[in-house]
Amino acid sequence: MIGYQFMGKMHSHAYRDMPFFFKTSVKPVLKAISGRKEEAVRQAAEEFGWESYETDWRKMIEREDIDVIDIVTPNHTHAEIAIAAAEAGKHILSEKPLALNVEEAKQMYDAVQRNNVVHMICHNYRFAPAVQYAKKLIEEGRIGKIYHIRANYLQDFIMDPSFPLIWRLKKEVSGSGTLGDIGAHSIDLARFLVGEIGEVSGMMETFIKERPIADLTGGLSATTDLKEYGEVTVDDAVAFLARFDNGAMGTFEATRFAGGNRNKNKFEINGENGSIRWDMENMNNLDVYFTDSPPGLQGFRTINCTEEEHPYAGAYWPPGHIIGYEHTFINLIHSFITGISNNEATAPDFQDGVINQKVMEAVEQSALNKKWMKIQI
Ligand SMILES: NC(=O)c1ccc[n+]([C@@H]2O[C@H](COP(=O)([O-])OP(=O)(O)OC[C@H]3O[C@@H](n4cnc5c(N)ncnc54)[C@H](O)[C@@H]3O)[C@@H](O)[C@H]2O)c1
């Protein structure tokens, strides 16, 4: 594993807990974790349960006792690490967004294909049992032809103008702002549940243009005593319309300025025979509405997706004994490790990463040029 903070802790936990809940023919062995600061990475290795650590990620890739590279570093490092890992024949899990731009993402996809390694991108929200069940209902035709998806991903952690200039706010490190950080998850969910997006029309805004330079960052938190300011070079908020190839309409909004919304990742899908809606902050539940319900019983009802019938839920607790954010990662890691042991593709993979990146780039171009942009897959 390369990187050891927010997602480093999350993925470490998932590798450790996955075999506890799932029976798999292979089990992950936590060989080594890498970071640039020796004392910090040594401590992370100890706390998260890794056998050893390295201070140069290239050494990890050279090690013959390592089969898998997991990339949990900021976005500008994903391409170089993934391409080197693929060339060394390692299977790869990369955090999202796949890269800084479409060009880099394509190079990563080429490298994993050329070297025939298993590859996956960490869009964990697909792996909530309620989302998997939504997918099943859609595939079974329960809501029929889809007319709409309405997807919002709302956070508020950078609203304070004195919140520092973390790596997520610098284009050269993150590629884009809210769009790639959280909008990417909505794009991935929409492609998973509804289908491919043909064209988009977007707008983006940066409300706070300068922020104090950060001296300590990690995850979504940061502190600074510095009085020096730097430019915010990414979007604080994005909204876009999408037309899907199957005729559905999409409206998307991602922002870190929606006060009171901590991690409000939600969607509603309306089809000819019913509707489905989900909200990450209430992630075990799926609201469903079917047009064929008897008169008097029409309306949304809430399914607590903790039964055997709900994908992945059976691996955990009895019905009604709910799971949380970290379980989406455990389920994803299960899918990744199963893919490796069967030498088969896992989804979402780097090709999904490339397509998601194309949608994001089209949204950015559209916002810049104030016109609709087509997406060529
Ligand atoms: N799937 C999700 O829901 C989700 C959530 C948060 C973050 N992410 C993604 O995970 C990745 C990491 O985000 P995070 O929140 O864990 O970040 P973070 O700031 O908490 O941690 C980043 C880690 O990378 C290390 N690092 C930074 N620059 C490096 C470099 N040049 N070389 C080697 N190591 C370096 C840091 O020391 C740190 O250990 C990003 O791509 C982000 O978009 C995904």
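Read in full-length UniProt numbering, the sequence shown has 202 at position 202, and its numbers run on one by one without any break. Glycine included, each C-beta is placed from N, C-alpha and C at the ideal position.
Next item on the list: Can you tell me the Cβ-Cβ gap for residue 190 and residue 149, rounded? I've got them flagged as a contact below 8 Å.
Entry: Confirmed, about 5 Å.
Notebook entry, point to check: Where does residue 335 sit, in a helix, a strand or coil, going by DSSP?
Noted result: DSSP places residue 335 in the helix class (H, G or I) of the three-state scheme.
Next item on the list: Express the C-alpha separation of residue 145 and residue 41 in angstroms, rounding to a whole number.
Entry: Residue 41 and residue 145: Cα-Cα distance of roughly 50 Å.
Check: Skipping 5 residues on each side, what residues in its chain have a beta carbon closer than 6 Å to that of residue 323?
Finding: Here residue 323 has 316 as same chain residues with Cβ atoms under 6 Å from its own Cβ, once five neighbours each way along the sequence are excluded.
Next item on the list: Going by DSSP, name the residue or residues bridged to residue 203.
Entry: According to DSSP, residue 203 bridges with 239.
Checklist line | Of the listed residues 232, 311, 304, 299, nearest to residue 328 (C-alpha basis) | finding: Answer by Cα proximity: 311.
Checklist line | Nearest to residue 59 (by Cα), restricted to the options 111, 76, 75, 32 | finding: Nearest Cα to residue 59 within the set 111, 76, 75, 32: 32.
Notebook entry, point to check: If you compare alpha carbons, which of 230, 179, 346, 69 is closest to residue 240?
Noted result: Cα-wise, what sits closest to residue 240 is 179.
Next item on the list: State the DSSP-derived secondary structure class of residue 59, mapped to helix, strand or coil.
Entry: In the three-state reduction of the DSSP assignment, residue 59 falls in the helix class.
Notebook entry, point to check: Which whole runs of the beta strand (DSSP E) in the region 130-169 are 3 residues long or more, in chain order?
Noted result: Segments of the beta strand (DSSP E) lying fully in the region 130-169: 146-154.
Notebook entry, point to check: Residues in its own chain within less than 6 Å of residue 244 by CB, not counting five upstream and five downstream?
Noted result: Within the same chain, residue 244 has close Cβ partners 194, 195, 197.
Notebook entry, point to check: Is the beta carbon of residue 15 sitting closer than 7 Å to the one on residue 333?
Noted result: Contact: yes.
Next item on the list: Alpha carbon to alpha carbon, how far is residue 352 from residue 254? Give it in angstroms, no decimals.
Entry: The straight-line gap from Cα to Cα measures roughly 20 Å.
Next item on the list: Would you please state the rounded distance, in angstroms, between the beta carbons of residue 169 and residue 232? I believe it to be under 8 Å.
Entry: Taking the Cβ atoms as the reference, residue 169 lies roughly 5 Å from residue 232, within the contact range of under 8 Å.
Notebook entry, point to check: What do you get for residue 25, buried or exposed, if any count of 16 or more other CB atoms within 10 angstroms of its CB means buried?
Noted result: Result: exposed.
Next item on the list: Please indicate yes or no: does the CB of residue 3 lie closer than 6 Å to some heavy atom of ligand 1?
Entry: For residue 3, the shortest separation between its Cβ and any heavy atom of ligand 1 lies below 6 Å.
Margin query: Measuring only from the beta carbon, is residue 95 closer than 6 Å to any heavy atom that is part of ligand 1?
Written below: Yes, the beta carbon of residue 95 sits closer than 6 Å to at least one heavy atom of ligand 1.
Note to self: Using C-beta distances below 6 Å, list every residue in its chain close to residue 246, excluding the 5 sequence neighbours before and after it, in chain order.
What the structure shows: Taken in chain order, the residues that qualify are 195.
Checklist line | Expected contact under 8 Å - CB spacing of residue 81 and residue 348 to nearest Å | finding: Rounded, the Cβ-Cβ distance is 19 Å, inconsistent with contact.
Checklist line | the region 89-109 touching the region 198-210, judged by at least three CB pairs closer than 8 Å | finding: Three or more Cβ pairs closer than 8 Å define a contact, and the region 89-109 falls short of that threshold against the region 198-210.
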